[in-house]
Amino acid sequence: MARGSARHWAVLATRAGRATARGPWAANGAPRSLIFARIYVKTGMVRHLLNARSMSIRISPLLTAATWLCTCAISAESQAAPHARDSFYVQLTTGFGLPHFAITADDDGAGAPDRYTATRSDVSAEGSLLLGMPLRPGLVLGVGGIATMSFGSNRDITRNGQPWALVDVKDQLYLFTGMVGPFVDIYPSATLGWHAQALVGYAQASYAQITQHPYHDGSPSGIGLMAGIGHDWWVNEDWSIGLLGRLTYASLRVNRAPFSGGMPSLSEHVALVSPSLEVTFTAH
């Protein structure tokens, strides 16, 4: 085969192609052009994956914000829509208070009368039940009761202005106060939650002994007043839950309470002031 002939150059080209296929740029016997094509395709795929990842990182905060907004919208739609309070009214409350008692007792004995005083500042558990009918949407009139259980003891007892200590008399750790009477509850806007209520009625408290000798003529009783302001939030079509701040006052008295065994009589007056914070459950 003559050098320089067409056949000679064809043989050389074929040998060179085979050598190239067996060289470092070959993969599974593939030609170099195919190798470069595969590298280009794989590089492009990696570039696209990196771009997709960075895009997902940018989109992730947007998805989070959208999810939060959807959740808020759904929860807002799930809440009961405000409506006029124009049906039978039932309210239950429970909470705690800080009652303060100012107690005085006058002993009208055979000699000079003695005056006893004492004060108590306690912690109390409080609750109430109110039942009423709407006169118009947002204006309720009814009857209710309030109960207070105070935990504490007599303090600062004096006799005729001098410190006085009871002998062989146990401190009263509990004092019960009850109140019942008509009430009014006013919502300035019948569909919103702000409201104010008031009650006036009959009140009675446990007998708090601040003298040496007990008497047996009942418990102090008298007039009781309550005023409160609070806010309700609808939880369904009939019920709302809220917070209520109250101030309760009572002026109670026992007159001519005889001692056992014909001993001299005395009278006792109790003044109660009790601020409280309570949770309300209201159907209306």
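The number in my numbering is simply the position in the sequence shown, starting from 1, with 114 added.
Using N, Cα and C, we set each Cβ at its ideal position, and we do this for glycine too.
Euclidean distance between Cα positions of residue i and residue j
i: residue 295; j: residue 244; result: 10 Å
i: residue 408; j: residue 344; result: In this structure the chain extends from 115 to 398, so residue 408 is not present and cannot be described.
i: residue 231; j: residue 218; result: 4 Å
i: residue 201; j: residue 393; result: 21 Å
i: residue 346; j: residue 363; result: 24 Å
i: residue 210; j: residue 240; result: 5 Å
i: residue 354; j: residue 382; result: 42 Å
i: residue 260; j: residue 384; result: 17 Å
i: residue 311; j: residue 254; result: 9 Å
i: residue 290; j: residue 307; result: 31 Å
i: residue 252; j: residue 389; result: 25 Å
i: residue 286; j: residue 213; result: 15 Å
i: residue 336; j: residue 301; result: 29 Å
i: residue 198; j: residue 256; result: 18 Å
i: residue 322; j: residue 380; result: 13 Å
i: residue 203; j: residue 339; result: 21 Å
i: residue 367; j: residue 341; result: 22 Å
i: residue 228; j: residue 206; result: 44 Å
i: residue 242; j: residue 391; result: 12 Å
i: residue 293; j: residue 309; result: 21 Å
i: residue 395; j: residue 258; result: 14 Å
i: residue 333; j: residue 317; result: 10 Å
i: residue 324; j: residue 369; result: 15 Å
i: residue 397; j: residue 352; result: 5 Å
i: residue 365; j: residue 313; result: 14 Å
i: residue 274; j: residue 350; result: 59 Å
Buried versus exposed, by CB contacts within 10 Å (16 or more), residue i
i: residue 303; result: exposed
i: residue 276; result: exposed
i: residue 297; result: buried
i: residue 279; result: exposed
i: residue 348; result: buried
i: residue 215; result: buried
i: residue 247; result: exposed
i: residue 299; result: buried
i: residue 305; result: exposed
i: residue 358; result: buried
i: residue 360; result: buried
i: residue 387; result: exposed
i: residue 222; result: exposed
i: residue 249; result: exposed
i: residue 288; result: exposed
i: residue 208; result: exposed
i: residue 143; result: Any reading at residue 143 must be qualified, since the residue scores a pLDDT of 47, below 50, and its modelled position is unreliable; the value itself is stated next. With fewer than 16 Cβ atoms within 10 Å of its Cβ, residue 143 is classed as exposed.
The beta strand (DSSP E) enclosing residue i, as first and last residue numbers
i: residue 231; result: 228 to 235
i: residue 257; result: 253 to 265
i: residue 346; result: 335 to 348
Can you give, in chain order, each stretch of the beta strand (DSSP E) that sits fully within the segment 193 to 218 and has at least 3 residues? 203 to 211
Quick check: the segment 253 to 269 against the segment 230 to 237, are at least 3 beta-carbon pairs closer than 8 Å? yes
Counting only runs of 3+ residues fully inside the segment 288 to 329, write out the beta strand (DSSP E) ranges in chain order. 288 to 300, 308 to 319
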